[in-house]
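Structure first, then comments.
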Amino acid sequence: MGRGRDHRYRFPAPNAPALLASRAMGPLLLGPVLLGTVPLSLSLLLPAAQAQDGSTPSGADIYAYCVDCHGKRGEGGKDGTYPRIGGLPRDYLDRQLHAFKSQTRINKPMVPIFKHYRFDAEIIDRVAGHVAGLSPPAPNLWPYAPNPDALAAYPDRAAYVAAGEQTYAGSCARCHGEDGGGTEAGPPLVAQYPAYLIKQIGDFARSGRTHAQSERCADLTPAAADAVVNHLVELSK
Ligand code: HEC
Ligand code: HEC
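Numbering-wise, the numbering used here puts 532 at position 35 of the sequence shown, and it's gapless, one number per residue.
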């Protein structure tokens, strides 16, 4: 129930967005590359921020290192190569940053950040607090353009739409909320870029990223995942 029948096509290659991201990093890295290494740019940023009051830099100061990819208000961009992060729950953000640092969640574009010795738990918590307090405008995601292969896995468009709704209600809403706005048990999924969500579900399926109940995502076919994302876009309207 609620699953696509099609097994012919696969989730995108694991590092597709990361590769895109590293290409997009040109302007960001130009300065640091000229100066030597990527971590050097952070070492320039953090002490500069520190100098202002002689203590640890504020969340806003640290966020200066994120803004090129995630945007001033945490709105993300590049159609979801960079996720929308502003306003996500602080503890969720904290956990993701620690997962990136320990590389239990792989995020190549962000690896250089965590190579910097100063990116410790306190810095992470401060920047997480700053990001949680941002309120980016909701991206205009509607209407979602289904992946043609996903659509082809269902008898018709109505069946595709219904499958996404049923899968979400039956397998996801308990933790991510009826309206996709998140609960104690799972982060919000609405107002997030579809391409990013598809990649995450693929990462769960490939076990590249740990999900609370991995099997709930791991057993989605790509077609069923596409239908769920269509439903999330409907919820984001
Ligand atoms: C060079 C680009 C780049 C920079 C700089 C960057 N990020 Fe990211 N970030 C990414 C990409 C790409 C992803 C998506 C990774 C994936 O596909 O799983 C991501 C994912 C995230 C996520 C996970 C979002 C979610 O919904 O789970 C968080 C949180 C995050 N970044 C926070 C930050 C913070 C805080 C900074 C600054 C300290 C930062 N990022 C700097 C590229 C960047
Ligand atoms: C038992 C609770 C639970 C259920 C059921 C569940 N999730 Fe999740 N989900 C989570 C948690 C917890 C996380 C955050 C994992 C982490 O900390 O990295 C998450 C993360 C995600 C993310 C990544 C969000 C981001 O910003 O990167 C996506 C996408 C997602 N879930 C989709 C789904 C879908 C689709 C379903 C239903 C098929 C589902 N989940 C069912 C708890 C759940």
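C-beta atoms are modelled at their ideal positions from N, C-alpha and C, and glycine is treated no differently.
If you're wondering where the values come from, they're calculated on a predicted model, not measured in any experiment.
Query, Result
"Do the region 576-583 and the region 613-625 make contact, defined as three or more Cβ pairs closer than 8 angstroms?", "no"
"Along the chain, where does the alpha helix (DSSP H) that runs through R706 open and close?", "Where R706 is concerned, there is no enclosing alpha helix (DSSP H), given that its DSSP letter is neither H nor E."
"Measuring alpha carbon to alpha carbon, tell me which residue in R587, V726, T664, T680 is nearest Y693.", "V726"
"Rounding to the nearest angstrom, what Cα-Cα distance links H595 and A650 in this structure?", "38 angstroms"
"Decide yes or no for the touch test of the region 621-638 against the region 556-568: beta carbon pairs closer than 8 angstroms, at least 3 of them.", "yes"
"Excluding the five sequence neighbours on either side, which residues of its own chain have a C-beta within less than 6 angstroms of the C-beta of G568, listed in chain order?", "G574"
"Buried or exposed for D733, going by 16 or more other Cβ atoms inside 10 Å?", "In the sequence on display, residue 733 carries Ser and not Asp. Per the 10 Å Cβ criterion, buried."
"Starting from K734, follow the alpha helix (DSSP H) in both directions and report where the run begins and ends.", "Per DSSP, K734 belongs to no alpha helix (DSSP H) and is neither H nor E."
"Buried or exposed for T664, please, with buried defined as at least 16 other CB atoms from any protein chain shown within 10 angstroms of its CB.", "buried"
"Run the CB neighbour count on T718, radius 10 Å, all protein chains shown included, and call it buried at 16 or more, exposed below.", "buried"
"I need the DSSP call for T814, collapsed to helix, strand or coil.", "Given that the chain is displayed from residue 498 to residue 734, the structure contains no residue 814 and the question cannot be resolved."
"With a CB to CB cut of under 7 angstroms and the five nearest residues on each side skipped, what residues in its chain are close to A722?", "I695, I698"
"According to DSSP, is Y693 part of a helix, a strand, or is it coil?", "helix"
"Tell me where the alpha helix (DSSP H) around V624 begins and ends.", "618-629"
"Which of the three DSSP states is assigned to Y560 in this structure?", "helix"
"D716 lies in the alpha helix (DSSP H); which residues open and close that run?", "Unbroken run through D716: none, as it is neither H nor E."
"Which same chain residues, not among the five before or five after D588, have their C-beta less than 6 angstroms away from its C-beta?", "none"
"Going by the CB atoms, is the gap between L686 and L638 shorter than 8 angstroms?", "no"
"Would you call the CB atoms of R703 and S668 closer than 8 angstroms?", "no"
"For a test of the three-state rule: what should DSSP assign to V726, helix, strand or coil?", "helix"
"DSSP three-state call for V530: helix, strand or coil?", "Bear in mind that the predicted position of V530 carries a pLDDT of just 32, short of 50, making it too unreliable to give a figure here."
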